[in-house]
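A.B. asks:
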Amino acid sequence: MVEATMPSFAELALPLRQDIDEALADAVGNSGEMPPRLNEALRYSLLGSGKRLRPIMVLLAAEACGCSRAKAMPAACAVEMIHAYSLVHDDLPAMDDDDLRRGRPTCHKVFGEALAILAGDALLTRAFELLAVEVQPPVVAASCCASLAEAAGAAGMVGGQVDDLEQEQVAPSGDIEQQLQVLISIHRRKTAAMLRVSLKLGGIVAGATLDQLEALDAFGRPLGLAFQIVDDLLDVGGVEAATGKRVGKDHGRGKLTFPGLLGSEESRVQAASLIDEACTALRPLGPQAAGLESLARYVLERDR
Ligand code: GRG
């Protein structure tokens, strides 16, 4: 639909990442009140070489609804802060116990477990402070806070993480279709909720209509699932130097994954079909949504 004007994601993302990185660095500057070591730990975790997909989604969703990217920047930073906190906590020994993230030792390996937990806590709370203080008018800020809390909290990402941890403790039961449904339900909350809310926040700050918000969500639902399928494929066939994290971990631990259930080839076919579905859902937003379509194609092709 918007193929003729579709920019390459690499071209599109480069300046956006630079703007996002600058805004993130400003948002976690130390006014003098913060213990220096804590500031170091949260900057280490937030300002590493992440893809910045979620904040880019906020900016592109706002743009798709006719709003300037600058206006959406505080919401973009808030989403990336929640994401960074979730990675720091996910890497802890009590959770995924990882020593490599974004190509560097994980936060707890560098700063110790206690400071890593607290750096995660500080990022989580700073995200909501940023929304409350920087988004105008206050009613829009409140709506952003409520949506982000819902997606990141017990019924969203945190709940999905709990389901995932519990699922690791039980032997798989049911046929492939039933196990697939369990996997989809875990990732709908653990991974997709944060991707969907990134789009929603872009829409909210842009003052989107209900139809525009629905189109963004109809795009985000299949995109979120496709993102996770590709993540599982990278765990099986990805290269550590590119992903910046250990590969083969989930597969090696016998975790429920899409390639584990469907095989790599079928997983790739499913991911491609979900990305097509996502791009079709963008139609009502017209050419302003070209950036989102470009991002969706990248999600399928990414190697990190
Ligand atoms: C600890 C509350 C809590 C939640 C953890 C996000 C998460 C839930 C776990 C991370 C582990 C994981 C591999 C999740 C699946 C997909 C995912 C979120 C991958 C990492 O996101 P990317 O690829 O990472 O966007 P970058 O580093 O580019 O930001």
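First residue of the sequence shown: -16, per my numbering; consecutive thereafter. Just so you know, even glycine gets a beta-carbon here, dropped at the ideal spot from N, CA and C.
Classify Val222: buried if its beta carbon has 16 or more other beta carbons within 10 angstroms, exposed otherwise.
C.D. replies: The residue is exposed, with fewer than 16 neighbouring Cβ atoms inside 10 Å.
A.B. asks: Label Val62 either buried or exposed according to how many other C-beta atoms from any shown protein chain fall within 10 Å of its C-beta, with 16 as the threshold for buried.
C.D. replies: When all chains shown are included, Val62 counts as buried.
A.B. asks: Please classify Val(-15): does DSSP put it in a helix, a strand, or coil?
C.D. replies: Here Val(-15) scores only 48 on pLDDT, less than 50, and its place in the model is too uncertain to base an answer on.
A.B. asks: Verify the contact flag: His91, CB atom, against every heavy atom of the ligand GRG, threshold strictly below 8 angstroms.
C.D. replies: Not so, every heavy atom of the ligand GRG lies at least 8 angstroms from the Cβ.
A.B. asks: Return yes when the Cβ of Leu21 is within less than 9 angstroms of the Cβ of Ala102, no when it is not.
C.D. replies: Yes, these two residues count as a Cβ contact at 9 angstroms.
A.B. asks: Between which two residues does the alpha helix (DSSP H) containing Ala255 stretch?
C.D. replies: That run of the alpha helix (DSSP H) goes Ser247 to Ala264.
A.B. asks: By how many angstroms is the C-alpha of Asp158 removed from the C-alpha of Arg109?
C.D. replies: Those two C-alpha atoms are separated by around 43 angstroms.
A.B. asks: Going by CA-CA distance only, name the one from Ser28, Leu70, Gly185 and Gly220 that's closest to Gly203.
C.D. replies: When each option's Cα is compared against that of Gly203, the closest is Gly185.
A.B. asks: Report all residues from its chain with a CB closer than 6 angstroms to the CB of Tyr68; omit the five preceding and five following residues, and keep chain order.
C.D. replies: The answer, listed in chain order, is Gly103, Leu106 and Leu107.
A.B. asks: Cβ of Asp194 within 9 angstroms of Cβ of Asp218?
C.D. replies: Not a contact, by the Cβ cut-off of 9 angstroms.
A.B. asks: Do you know offhand how far Leu206's Cα is from Leu43's?
C.D. replies: About 14 angstroms.
A.B. asks: Sorted by chain position, which residues of the same chain lie with C-beta nearer than 8 angstroms to Asp146's C-beta, five sequence neighbours on each side aside?
C.D. replies: So the qualifying residues of the chain are Ser168, Ile169, Arg172 and Lys173.
A.B. asks: Let me confirm a value: Pro242 is counted as buried when at least 16 other C-beta atoms fall within 10 Å, else exposed. Which label applies?
C.D. replies: The residue is buried, with at least 16 neighbouring Cβ atoms inside 10 Å.
A.B. asks: Beta-carbon within less than 7 angstroms of Leu265's beta-carbon, same chain only, minus the 5 sequence neighbours each way: which residues are those?
C.D. replies: Counting only Cβ-Cβ distances below 7 angstroms, and skipping sequence neighbours, we find Ala198, Phe202, Ala272, Leu275 and Glu276.
A.B. asks: Just to confirm, is the Cβ distance from Asp4 to Leu25 under 9 angstroms?
C.D. replies: Contact: no.
A.B. asks: Which of the three DSSP states is assigned to Ser280 in this structure?
C.D. replies: Reading off the sequence, residue 280 comes out as Arg, not Ser. Arg280 falls in the helix class under three-state DSSP.
A.B. asks: If you check the beta carbons only, do Cys50 and Ala189 fall under 9 angstroms apart?
C.D. replies: Contact: yes.
A.B. asks: Any heavy atom of the ligand GRG closer than 8 angstroms to the CB of Gln271?
C.D. replies: No, Cβ of Gln271 sits at least 8 angstroms from all heavy atoms of the ligand GRG.
A.B. asks: Using only the alpha-carbon positions, how far apart do Val(-15) and Ala99 sit?
C.D. replies: Residue placement at Val(-15) is poorly supported in this model, since its pLDDT is 48, which falls under 50; the coordinates still yield a value, given next. Roughly 43 angstroms between the two C-alpha positions.
A.B. asks: Using beta-carbon positions only, say whether Leu131 and Ile65 come within less than 9 angstroms of one another.
C.D. replies: In this structure, Ile65 lies closer than 9 angstroms to Leu131 by Cβ.
A.B. asks: Could you tell me which uninterrupted beta strand (DSSP E) segments, each at least 3 residues in length, are contained entirely in the region 68 to 93, listed from first to last along the chain?
C.D. replies: Within the region 68 to 93, no complete beta strand (DSSP E) run reaches 3 residues.
A.B. asks: Is it true that the CB of Arg285 sits closer than 9 angstroms to the CB of Cys262?
C.D. replies: Cβ atoms of Cys262 and Arg285: not closer than 9 angstroms.
A.B. asks: Can you tell me which of Ala45, Leu268, Met78 and Pro270 puts its alpha carbon nearest to the alpha carbon of Gln150?
C.D. replies: Measuring from the Cα of Gln150, the nearest candidate turns out to be Met78.
A.B. asks: With distances taken from CA atoms, which of Asp82, Gly269 and Arg37 is nearest Ala228?
C.D. replies: Before going on, a small fix: residue 228 reads as Lys here, not Ala. Cα-wise, what sits closest to Lys228 is Asp82.
A.B. asks: Between Ala8, Asp80 and His72, which lies nearest to Val141 when the distance is taken from Cα to Cα?
C.D. replies: Cα-wise, what sits closest to Val141 is His72.
A.B. asks: Could you work out which residue in Ala138, Pro155 and Ala59 is closest to Gln1 when comparing CA atoms only?
C.D. replies: Per the Cα distances, Ala59.
A.B. asks: For Cys127, which of helix, strand or coil comes out of DSSP?
C.D. replies: Reduced to three states, the DSSP call for Cys127 is helix.
A.B. asks: So, at 7 angstroms on beta carbons, what are the nonlocal neighbours of Glu46 in its own chain, with the 5 sequence-adjacent residues on each side left out?
C.D. replies: Closer than 7 angstroms at the Cβ level, and outside the excluded window around Glu46, lie Arg52, Gln271 and Gly274.
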